[in-house]
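Single-structure report; data block below.
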Amino acid sequence: MDAIRVHGLTKRYGDTLAVDGIDFAVPTGATMGLLGGNGAGKTTTIAMLLGLLIPTAGTIEVLGHDMSRDRFAALARMNFSSPYVALPHRLSVAENLRIYGHLYNVHGLERRIAELAAELDLGALLDRPAGQLSAGQKTRVALAKALINRPELLLLDEPTASLDPDTGDWVRTWLERYRAESGCTILLASHNMAEVERLCSHVLMLKTGRIVDHGSPQDLLDRYGRDDMEEVFLDIARDRRRAAAGADS
Amino acid sequence: MNAAAARRIWGLMYRHLALYRRSWPRLLELAYWPVLQMCIWGFTASYLATRIGGVAATAGATLLGGVLLWEVALRSQMGVAISFLEEMWSRNLGHIFVSPMRPWELVAGLIAMSIIRMLAGVVPAIAVAWVLYAYNLFALGPVVVLFFMNLMIMGWAVALGVVSLILRHGAGAEALAWSVLFGLTPFSAVFYPVSVLPAGLRPIAWALPSAHVFEGMRGVLLNGVILWDHLFAAFALNAVWLVAAAVLFARQFRQARLRGALMSIGE
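Going down the list, the sequences are from chains E and R.
Each residue of the first sequence is one higher than the last, beginning at 15 in the numbering used here.
Each residue of the second sequence is one higher than the last, beginning at 298 in the numbering used here.
Below you can see the structure in the form of structure tokens.
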């Protein structure tokens with residue numbers, strides 16, 4: 015069973031083709047990395063998976079629900095976190111979590127908030143305004159918001175952007191453990207290749223709206239003859255493998 | 298409406314109520330302008346009454362009734378539009394639009410907040426009118442509730458139009474949240490009858506639910522009769538306005554999802 019199934023997904027803005035007929039599936043319980051340079055189509059693809067954006071063509075099925083007809087049933091079972099979408103900064107952390115607990119119809123909400131506070135070390139932050147937190151604290155709060163409804167599918171847009179290495183490592187460790195314990199499917203967009211190598215079981219490489227390669231991080235490392243995903247990323251972004259192959263021939 | 302929908306609407310209301318609980322200046326701001334208006338026009342009416350006498354007293358009552366009732370429409374419209382803008386300013390709309398909250402639930406939550414905001418603004422003004430000028434709006438009788446209802450519904454319809462324009466044009470349209478209803482004031486016959494307007498402008502006035510409400514108010518104040526035809530016209534026009542605004546909102550919401558505007562609204 016796949017948590018996400020995408021077929022022929024296309025998004026066109028006027029003359030610009032942002033996503034060009036991509037097909038992919040994310041198996042339930044997998045962590046899929048969505049990689050690509052700026053303008054590759056990652057954010058557009060995530061926005062279509064979330065129902066924020068209507069595709070020009072193609073179909074999206076999330077957790078068995080057709081997103082063009084039944085998106086709210088899927089949205090209730092998934093969640094999203096991005097450092098670029100804020101939480102109301104004048105409200106306390108607890109108030110923010112309560113709001114989203116109501117929006118996602120979470121039963122036993124105060125108990126769930128206490129659980130998340132314990133798991134994500136938010137106890138001392140619950141009464142503080144969200145706007146007064148450090149970047150690392152905000153990331154933990156955003157994760158708590160994203161987990162408030164115990165999602166079966168978690169979409170994360172650059173979850174460790176702007177975090178120091180220690181906090182970034184803490185978040186990655188936590189996500190690894192959470193996925194293993196909950197069986198949650200994760201779709202992750204990131205520019206941090208070490209993070210992708212560590213967390214993702216599958217990777218989709220996007221370039222100019224198309225999937226130009228895919229596979230497990232180890233498959234890609236082997237295929238490109240590289241030691242780390244950073245080099246694989248650069249090979250794809252700069253067409254280096256093709257250039258090298260052209261020079262060889 | 299099922300329990301989950303009611304809870305999502307409450308979630309949105311809780312978000313705004315928590316904001317007011319944390320900020321007394323915000324609460325004060327809700328009542329500030331209606332009370333200020335009441336003070337200015339109340340003292341003006343009192344002054345005229347002392348100078349001119351009985352006719353001015355009747356005119357003063359019409360003036361104060363007009364000020365109070367027009368605030369109902371203004372506060373209802375701003376209550377919806379500014380609550381939506383609060384979400385936009387805090388860059389929180391992205392989280393709301395990817396939650397299971399349906400667009401109609403968002404609108405219902407904004408309307409519920411507008412009722413609370415309107416009451417927080419208008420009730421102190423009604424109290425000021427009563428304490429300072431011995432003017433009791435409710436002396437108009439139970440029909441005042443129907444006036445309130447009509448002006449609230451008109452405020453919501455206009456606000457939905459404003460929200461639709463914000464969805465279409467982004468932050469550039471937000472000034473309309475404060476100004477749009479003021480533009481309708483001259484045609485709403487708040488302080489004078491529609492017959493005062495030039496003949497060419499009267500059709501515009503008669504297309505506004507508010508003009509019928511204020512004609513109705515003057516009917517009660519000046520002649521002691523309820524003008525049911527005007528009240529019926531106000532309800533009928535409001536139904537048309539509300540349906541038109543809902544259609545516009547639904548279209549602009551879909552267009553925003555097609556253009557990707559929901560991803561960047563407010564930026």
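The beta carbon of each residue, even a glycine, is placed where N, CA and C say it ideally should be.
*asked:* Beta-carbon within less than 7 Å of alanine 108 of chain E's beta-carbon, same chain only, minus the 5 sequence neighbours each way: which residues are those?
replied: Ile127, Leu140, Asp141
*Counting contacts by CB-CB distance shorter than 8 Å, is alanine 100 of chain E in contact with chain C?*
Protein chains E and R are contained in the structure displayed, whereas chain C is not.
*Taking the beta strand (DSSP E) that proline 41 of chain E falls in, what are its first and last residues?*
For proline 41 of chain E, the enclosing beta strand (DSSP E) has its first and last residue at 30-41.
_Check this for me: beta carbons of serine 485 of chain R and serine 507 of chain R, under 8 Å apart or not?_
yes
*In DSSP terms, what aspartate 227 of chain E is bridged to*: E:Met219
*Tell me whether asparagine 93 of chain E is buried or exposed, calling it buried when 16 or more other Cβ atoms sit within 10 Å of its Cβ.*
buried
_Residue-chain proximity (serine 387 of chain R, chain E), Cβ-Cβ < 8 Å_ = yes
*Helix, strand or coil at alanine 257 of chain E [DSSP, three-state]*: Summary for alanine 257 of chain E: the model assigns pLDDT 49, below 50, so the residue's position carries little reliability, and this model does not support an answer.
*Take the Cβ of valine 20 of chain E as the centre, count every other Cβ of all protein chains shown within 10 Å, and call the residue buried at 16 or more, exposed below.*
buried
*Is there a Cβ from chain R that is less than 8 Å from the Cβ of histidine 79 of chain E?*
no
*Through-space distance from leucine 101 of chain E to alanine 144 of chain E, alpha-carbon basis*: Cα-Cα distance, rounded: 7 Å.
_Counting only C-beta atoms, is phenylalanine 38 of chain E closer than 8 Å to chain R at any point?_
no
_Just to confirm the assignment, what range does the alpha helix (DSSP H) spanning serine 476 of chain R have?_
473-476
*Going along the chain, which residues of its own chain have a beta-carbon closer than 8 Å to the beta-carbon of alanine 553 of chain R, five neighbours each way excluded?*
Leu464, Arg465, Leu559, Ile562
*Can you find a CB in chain E that lies within less than 8 Å of the CB of alanine 315 of chain R?*
yes
*Measure the C-alpha to C-alpha separation of valine 487 of chain R and leucine 360 of chain R and round it to an integer number of angstroms.*
8 Å
*Beta-carbon separation of leucine 64 of chain E and threonine 58 of chain E under 8 Å?*
no
_Neighbour flag for isoleucine 18 of chain E against chain R, beta carbons, 8 Å_ = no
*Drop a sphere of 10 angstroms on the beta-carbon of threonine 199 of chain E, count the other beta-carbons inside from all chains shown, and report buried for 16 or more, exposed for fewer.*
Using a 10 angstroms sphere on the CB of threonine 199 of chain E, the tally of other CB atoms reaches 16 or more, which defines it as buried.
*Those residues which DSSP pairs with glycine 47 of chain E across a bridge*: E:Leu202, E:Val217
*asked:* Once DSSP output is grouped into helix, strand and coil, what is the label at threonine 92 of chain E?
replied: The residue you asked about is not threonine; residue 92 of chain E is methionine in the sequence shown. Strand.
*Put alanine 54 of chain E into one of helix, strand or coil per three-state DSSP.*
For alanine 54 of chain E, the secondary structure class from DSSP, reduced to helix, strand or coil, is coil.
*Within the chosen definition, does the segment 228-246 of chain E reach the segment 196-212 of chain E through at least 3 CB pairs nearer than 8 Å?*
yes
_valine 20 of chain E - containing beta strand (DSSP E), residue span_ = 16-27
*Does DSSP classify serine 106 of chain E as helix, strand or coil?*
strand
*Give the range of the alpha helix (DSSP H) segment to which valine 455 of chain R is assigned.*
440-466
*Measuring alpha carbon to alpha carbon, tell me which of E:Leu123, E:His121, E:Gly150 ends up nearest aspartate 135 of chain E.*
E:Gly150
*Nearest to glycine 406 of chain R (by Cα), restricted to the options R:Ala422, R:Trp386, R:Ser373*: R:Ser373
_Chain-ordered chain R contacts of glycine 50 of chain E [CB-CB under 8 Å]_ = Ordered by position in chain R, no residue passes the 8 Å Cβ test against glycine 50 of chain E, which lies about 17 Å from the chain.
*Based on the DSSP output, what are the partners of isoleucine 74 of chain E in its beta bridges?*
Bridge partners of isoleucine 74 of chain E: E:Val20.
*How would you list, in chain order, the residues of chain R whose beta-carbon sits under 9 Å from the beta-carbon of phenylalanine 247 of chain E?*
Neighbours of phenylalanine 247 of chain E on chain R: none; closest Cβ ~24 Å, over 9 Å.
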